[in-house]
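**Q** Structure provided below as structure tokens; questions to follow.
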Amino acid sequence: MGGSRALPEVFADIFAQEGAILEEKGDGCLEFVIPSALSARLGIPEHGILSFSTQCGREGTIAASYESELFRAIETLFVNNGRMARATFPFPPPNIEKLSKWVSERVVLSNAVLRLQKVEDRRILFSLLFFKYAALSDEKREGVFSLLVNDQSLSVQLLDAEEMDFRGDLKGSDEASGEVREETRRALRAGIAAASMIVKGELDPFIKGLEKRLNRDAERVLEYYETMKTEAQKAFEKRRLS
2 MGGSRALPEV
12 FADIFAQEGA
22 ILEEKGDGCL
32 EFVIPSALSA
42 RLGIPEHGIL
52 SFSTQCGREG
62 TIAASYESEL
72 FRAIETLFVN
82 NGRMARATFP
92 FPPPNIEKLS
102 KWVSERVVLS
112 NAVLRLQKVE
122 DRRILFSLLF
132 FKYAALSDEK
142 REGVFSLLVN
152 DQSLSVQLLD
162 AEEMDFRGDL
172 KGSDEASGEV
182 REETRRALRA
192 GIAAASMIVK
202 GELDPFIKGL
212 EKRLNRDAER
222 VLEYYETMKT
232 EAQKAFEKRR
242 LS
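Just add 1 to wherever you are in the sequence shown, counting from 1, and you've got the numbering used here.
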């Protein structure tokens, strides 16, 4: 885990994640503008100033200490977040005799004989990750997709709708505050990296269209100012000659 962070930084990150506009005041205060939905959930106005210390001498500030009502209200933003669903799918044991024969036929050793000496069952863990993305401009592009990550090998597979029939077998777990396995953390990182590439590929035409439009608008602005510059020069010449 990372080191501890100052309370104002934590509040700023949480508010920013919820769509707030923030401005540090430099005297232990943080001015904010938040969406109406967040305002209703936290019981604070849409615009105000958070006070984290006695150095903030402004009137009408909202206390944001560890003992404040706001600090306790922040907990409501994380209800049902971070929970995990789990499912176990038993698989019938393979025919060891056929498997041994299959391996021996495909693995050729010089001056040696391949013998199967030990067979053991091993559980394989997979992390099923869901991602939602949205890109906003004059139009909106959004989508949802899921990835299946092998916690051991970190191989990633993009699933389609037909491969999601097993979701009904997933059962929720209340162990949201429990320690997450390191293998699961690695799978999450692998999934996020793969998801970033997938989203980039999905939005590539959209982004190129935005860049083309932006460049076109920039050219129009330059042409407009060049025209204004030319007209100003003509007017200046007329005044000089008159």
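We put the beta carbon where it would ideally sit given N, CA and C, even for glycine.
Computed from a predicted structure; not experimentally measured.
Start and end of the alpha helix (DSSP H) containing SER37?
**A** Here residue 37 corresponds to residue number 36 of the sequence shown, with the count starting at 1. Segment 37 to 43, the alpha helix (DSSP H) holding SER37.
**Q** Have a look at SER178 and TYR67 and give me their C-alpha separation to the nearest angstrom.
**A** If you number the sequence shown from 1, residue 178 lands on position 177. If you number the sequence shown from 1, residue 67 lands on position 66. Below a pLDDT of 50, predicted positions are generally treated as unreliable, and SER178, at 45, falls in that range; the measurement from the model is reported next regardless. Distance between the alpha carbons of SER178 and TYR67: 20 Å.
**Q** So does ARG221 have its beta carbon nearer than 6 Å to some heavy atom of the ligand FMN?
**A** Absent from the structure shown: the ligand FMN. Ligands present: none.
**Q** Do you know whose CA, among PRO46, GLY144, ARG87 and HIS48, lies nearest LYS201's CA?
**A** Numbered from its first residue, the sequence shown carries residue 201 at position 200. Comparing Cα positions, the closest option is GLY144.
**Q** Should LEU148 be labelled buried (16 or more other beta-carbon atoms within 10 Å of its own) or exposed?
**A** On the sequence shown, residue 148 is found 147 positions in, with the first residue counted as 1. Buried, by the Cβ-count rule.
**Q** Can you round the beta-carbon distance between ALA21 and VAL34 to whole angstroms, since I take them to be within the 8 Å contact cut?
**A** For this step, residue 21 is matched to residue 20 along the sequence shown. For this step, residue 34 is matched to residue 33 along the sequence shown. Correct: roughly 6 Å between the Cβ atoms.
**Q** Take GLY49 and list the residues in its own chain whose beta-carbon comes closer than 8 Å to its own, dropping the five residues that flank it on each side.
**A** Walking along the sequence shown from the start, residue 49 turns up at place 48. These residues qualify, in order along the chain: GLU32, PHE33, GLY61, THR62 and ILE63.
**Q** Could you please give the first and the last residue of the uninterrupted beta strand (DSSP E) stretch that includes GLN153?
**A** Counting from 1 along the sequence shown, the entry for residue 153 is found at position 152. Where GLN153 is concerned, there is no enclosing beta strand (DSSP E), given that its DSSP letter is neither H nor E.
**Q** Grouping DSSP H, G and I as helix and E and B as strand, with all else coil, what is ALA13?
**A** Position 12 of the sequence shown, counted from the start, is the residue given in the question as residue 13. ALA13 falls in the helix class under three-state DSSP.
**Q** Measure the beta-carbon distance from LEU71 to LEU43 and round it to whole angstroms, keeping in mind my assumption that it falls under 8 Å.
**A** Counting from one through the sequence shown, the residue named residue 71 turns up at place 70. Counting from one through the sequence shown, the residue named residue 43 turns up at place 42. Contact holds; Cβ gap of about 6 Å.
**Q** Tell whether a beta-carbon distance below 7 Å holds between LEU115 and VAL108.
**A** The residue given as residue 115 occupies position 114 in the sequence shown. The residue given as residue 108 occupies position 107 in the sequence shown. Yes, Cβ-Cβ distance for LEU115 and VAL108 is below 7 Å.
**Q** Answer yes if the region 134 to 142 comes into contact with the region 91 to 106, meaning at least three C-beta pairs across the two stretches below 8 Å, and no otherwise.
**A** no
**Q** Can the beta-carbon of LEU130 be found less than 7 Å from the beta-carbon of GLY210?
**A** The residue labelled residue 130 in the question sits at position 129 within the sequence shown. The residue labelled residue 210 in the question sits at position 209 within the sequence shown. No, the pair does not count as a contact, with Cβ atoms beyond the cut-off.
**Q** If you check the beta carbons only, do VAL222 and ALA195 fall under 7 Å apart?
**A** In the sequence shown, residue 222 corresponds to position 221, counting from 1. In the sequence shown, residue 195 corresponds to position 194, counting from 1. Contact check for VAL222 against ALA195 fails: the beta carbons are separated by 7 Å or more.
**Q** Could you tell me whether the Cβ of ARG124 comes closer than 7 Å to any Cβ of chain C?
**A** The structure shown contains no chain C, having only a single protein chain.
**Q** Going by Cα to Cα distance, which pick from ILE199, VAL150, SER128 and SER37 is closest to ARG87?
**A** For the purposes of this step, residue 87 is identified with residue 86 of the sequence shown, where counting begins at 1. For ARG87, the nearest C-alpha among the options comes from SER128.
**Q** What does a CB cutoff of less than 8 Å around VAL120 pick up in its chain, not counting 5 residues either side in sequence?
**A** The residue labelled residue 120 in the question sits at position 119 within the sequence shown. Closer than 8 Å at Cβ, skipping near neighbours: ILE97.
**Q** Taking the C-alpha atoms as reference points, what is the distance between GLU76 and ILE15?
**A** Taking the first residue of the sequence shown as 1, we reach residue 76 at position 75. Taking the first residue of the sequence shown as 1, we reach residue 15 at position 14. Whole-angstrom Cα-Cα distance: 11 Å.
**Q** Note the first and the last residue of the continuous beta strand (DSSP E) segment covering PHE127.
**A** Residue 127 sits at position 126 when you count from the first residue of the sequence shown. From DSSP, the beta strand (DSSP E) with PHE127 extends over 127 to 137.
**Q** What first and last residue would you give for the alpha helix (DSSP H) that runs through LEU31?
**A** As a first step, residue 31 must be located in the sequence shown, where it is residue number 30. Looking at the DSSP string, LEU31 is not in any alpha helix (DSSP H); the run it does join, the beta strand (DSSP E), is 30 to 34.
**Q** Nearest-angstrom Cα distance between ALA41 and GLU19?
**A** For the purposes of this step, residue 41 is taken as the residue at position 40 of the sequence shown. For the purposes of this step, residue 19 is taken as the residue at position 18 of the sequence shown. Going by the C-alpha atoms only, they are around 13 Å apart.
**Q** Can you tell me whether DSSP reads LEU189 as helix, strand or coil?
**A** For the purposes of this step, residue 189 is taken as residue 188 along the sequence shown, with counting starting at 1. Of the three classes helix, strand and coil, the one that applies to LEU189 here is helix, per DSSP.
**Q** Can you find the residues in the same chain that come closer than 8 Å, C-beta to C-beta, to SER54, ignoring five residues on each side of it along the sequence?
**A** The count along the sequence shown starts at 1 and reaches residue 54 at position 53. Taken in chain order, the residues that qualify are GLY29.
**Q** Taking the Cβ atom as the reference point for each residue, do LEU126 and ASP152 lie within a distance shorter than 7 Å?
**A** In the sequence shown, counting from the first residue as 1, residue 126 sits at position 125. In the sequence shown, counting from the first residue as 1, residue 152 sits at position 151. Going by C-beta atoms, LEU126 is nearer than 7 Å to ASP152.
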